[in-house]
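Residue numbers (the working numbering): 3 to 193.
Below, the structure is given as structure tokens:
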């Protein structure tokens with residue numbers, strides 16, 4: 003009976019003084035090193051999803067030879083543990099749809115994690131066109147409701163604009179939404 007990729011990993015006990023993925027001289031094909039590297043990658047991705055570039059960096063930090071690292075990444079890909087497309091889709095769903103981040107911020111975050119541009123655009127297109135003005139207005143309204151009532155509309159507008167810009171919305175859109183939600187336009191008309 004073969005082990006499923008969903009089965010819990012066996013506990014590995016590393017030899018004292020040796021990295022868990024160190025190549026042993028008796029391994030002419032590096033099989034033990036590849037298995038240890040794959041086990042390391044599976045443990046790493048159980049903690050949180052990671053891009054292939056992040057996993058490659060982790061193996062490099064552990065001084066895994068490049069050929070062993072590539073074979074381990076190939077195996078991790080076949081097990082579904084290293085999948086940049088799935089990572090990008092999950093990232094956009096969580097941070098874009100649930101948290102309301104703008105596409106510009108999502109694109110920047112995924113690029114910093116070295117996800118290929120084609121996968122970034124595909125994952126952004128998969129969630130469909132979002133009305134950024136409506137999303138920004140919804141976020142700003144929710145945020146404004148949690149602000150102290152003693153704040154004057156100019157202070158509320160400044161805070162909301164900063165909040166929206168940090169979420170990746172453009173400064174002009176953030177300013178328009180902040181003015182609308184804070185009531186700053188009505189406040190100024192009383193002067």
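A virtual CB, placed ideally from N, CA and C, is assigned to each residue, including glycine.
Please state whether the Cβ-Cβ distance between residue i and residue j is less than 8 angstroms.
| i | j | result |
| --- | --- | --- |
| residue 183 | residue 139 | yes |
| residue 146 | residue 179 | no |
| residue 175 | residue 123 | no |
| residue 71 | residue 81 | no |
| residue 73 | residue 36 | yes |
| residue 186 | residue 150 | no |
| residue 181 | residue 157 | no |
Check each candidate in the options and name the one with the smallest Cα separation from residue i.
| i | options | result |
| --- | --- | --- |
| residue 102 | 87, 144, 77 and 64 | 144 |
| residue 54 | 73, 169, 35 and 116 | 116 |
| residue 88 | 120, 71 and 60 | 120 |
| residue 118 | 90, 33, 157 and 177 | 90 |
| residue 67 | 165, 49, 96 and 33 | 33 |
| residue 38 | 114, 59 and 77 | 77 |
| residue 100 | 132, 56 and 113 | 132 |
| residue 113 | 188, 173, 177 and 56 | 56 |
Given residue i, which residues of its chain have a CB within under 8 angstroms of its CB, disregarding the five upstream and five downstream residues?
| i | result |
| --- | --- |
| residue 126 | 94, 98, 105, 108 and 109 |
| residue 92 | 51 |
| residue 79 | 54 and 85 |
| residue 153 | 161 |
Cutting at 7 angstroms between CB atoms, please list the residues of its own chain near residue i, excluding the five before and the five after it.
| i | result |
| --- | --- |
| residue 83 | 43, 44 and 47 |
| residue 171 | 104, 134 and 138 |
| residue 169 | 102, 103, 104, 107 and 141 |
| residue 40 | 74, 77 and 78 |
In the DSSP assignment, find the alpha helix (DSSP H) that holds residue i and state where it starts and stops.
| i | result |
| --- | --- |
| residue 144 | 134 to 147 |
| residue 155 | 155 to 168 |
| residue 183 | 173 to 184 |
Does chain B have any CB closer than 8 angstroms to the CB of residue i?
| i | result |
| --- | --- |
| residue 103 | Chain labels in this structure do not include chain B; a single protein chain is all it has. |
Excluding sequence positions up to five away, which residues of its chain have a Cβ less than 6 angstroms from the Cβ of residue i?
| i | result |
| --- | --- |
| residue 86 | 53, 54, 117 and 121 |
Pick out the complete alpha helix (DSSP H) segments inside the stretch 35 to 76, 4 residues or longer, and give them in chain order.
You should have 54 to 63.
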